[in-house]
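>
Numbering (the numbering used here), first residue to last: 3 to 161.
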């Protein structure tokens, strides 16, 4: 039986989450090219699309980790690694915008935390079982990606 390699289902989930983080999530951020100009919609759309698709394909792991993170440190640590990954990309984009003369009032890490956690909750609700229909919203993947991309870009550039 598959479970004989793990002491319980939580150990199995922890192994799956760690594998997902190190084999899928982390490598996806290695080649992120920051926006060249305030008009670089491609950056925001491509990063959000990648995030959305990875999250959607692994929604079970992501939600299980989030639920267990509330009470167990090892899952909180894994969840925070996921979060740090996203926050690092957002913080780098804030610093890039500042180099270009935008968002001087933004604190890169604070802004990164706010945007990353907004993405996490939005994605959990709209990809997870609670879904947009329970909020009486009709939102496609494309609309969700466009919305998140626009919020991120407007936060940095105001345009």
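For every residue, glycine included, the Cβ atom is placed at its ideal position computed from N, Cα and C. Model, not experiment: these values are computed from the prediction.
I'd like to know whether the C-beta atoms of residue 86 and residue 122 end up nearer to each other than 9 Å.
Counting from one through the chain shown, the residue named residue 86 turns up at place 84. Counting from one through the chain shown, the residue named residue 122 turns up at place 120. No. Outside cutoff.
> What residue range is occupied by the uninterrupted alpha helix (DSSP H) comprising residue 44?
Taking the first residue of the chain shown as position 1, residue 44 is located at position 42. Note, residue 44: alpha helix (DSSP H), 43 to 59.
> With distances taken Cα to Cα, identify the nearest neighbour of residue 145 among 50, 41, 40 and 38.
Locating residue 145 in the chain shown gives position 143, counting from the first residue. Among 50, 41, 40 and 38, the Cα nearest to that of residue 145 belongs to 50.
> Among residues of its own chain, excluding the 5 on either side of residue 78, which ones have a beta-carbon nearer than 7 Å to its beta-carbon?
The count along the chain shown starts at 1 and reaches residue 78 at position 76. Excluding positions up to five away in sequence, the list reads 71.
> Quick one: using the 10 Å Cβ neighbour count with 16 as the cut-off for buried, is residue 162 buried or exposed?
Look at the range of the chain in this structure, 3 to 161, and you will see that residue 162 is not part of it.
> Beta-carbon within less than 6 Å of residue 148's beta-carbon, same chain only, minus the 5 sequence neighbours each way: which residues are those?
Your numbering for residue 148 matches position 146 in the chain shown. Nothing meets the Cβ criterion.
> What would DSSP say about residue 138, mapped onto helix, strand or coil?
Mapped onto the chain shown, residue 138 falls at position 136. Reduced to three states, the DSSP call for residue 138 is coil.
> With a threshold of 16 other CB atoms inside 10 Å of the CB of residue 69, please say whether the residue is buried or exposed.
Counted from its first residue, the chain shown places residue 69 at position 67. The residue is exposed, with fewer than 16 neighbouring Cβ atoms inside 10 Å.
> Can we say the stretch 128 to 145 touches the stretch 91 to 102, given the rule of at least three CB pairs closer than 8 Å?
Segments in contact, no.
> Which stretch, first to last residue, makes up the alpha helix (DSSP H) that contains residue 126?
For the purposes of this step, residue 126 is taken as residue 124 along the chain shown, with counting starting at 1. From DSSP, the alpha helix (DSSP H) with residue 126 extends over 110 to 129.
> Please name the residue in 154, 161, 46 and 63 whose C-alpha comes closest to that of residue 114.
By one-based count along the chain shown, residue 114 stands at place 112. Minimum Cα distance to residue 114 is reached at 154.
> Within the same chain, show all residues whose beta-carbon is closer than 8 Å to that of residue 119, passing over the 5 residues directly before and after it, in chain order.
Your numbering for residue 119 matches position 117 in the chain shown. Excluding residues within five positions, the ones whose Cβ falls inside 8 Å are 85.
> Go through its chain and collect everything with a Cβ distance to residue 2's Cβ below 6 Å, but skip five positions before and after it.
Missing from the structure shown is residue 2; the chain here goes from 3 to 161 and no further.
> Hey, residue 126 and residue 56: beta-carbon distance below 9 Å or not?
Residue 126 sits at position 124 when you count from the first residue of the chain shown. Residue 56 sits at position 54 when you count from the first residue of the chain shown. In this structure, residue 56 does not lie closer than 9 Å to residue 126 by Cβ.
> What separation, rounded to the nearest whole angstrom, lies between the Cα atoms of residue 53 and residue 67?
Along the chain shown, one-based indexing puts residue 53 at 51. Along the chain shown, one-based indexing puts residue 67 at 65. Cα to Cα, residue 53 sits roughly 17 Å from residue 67.
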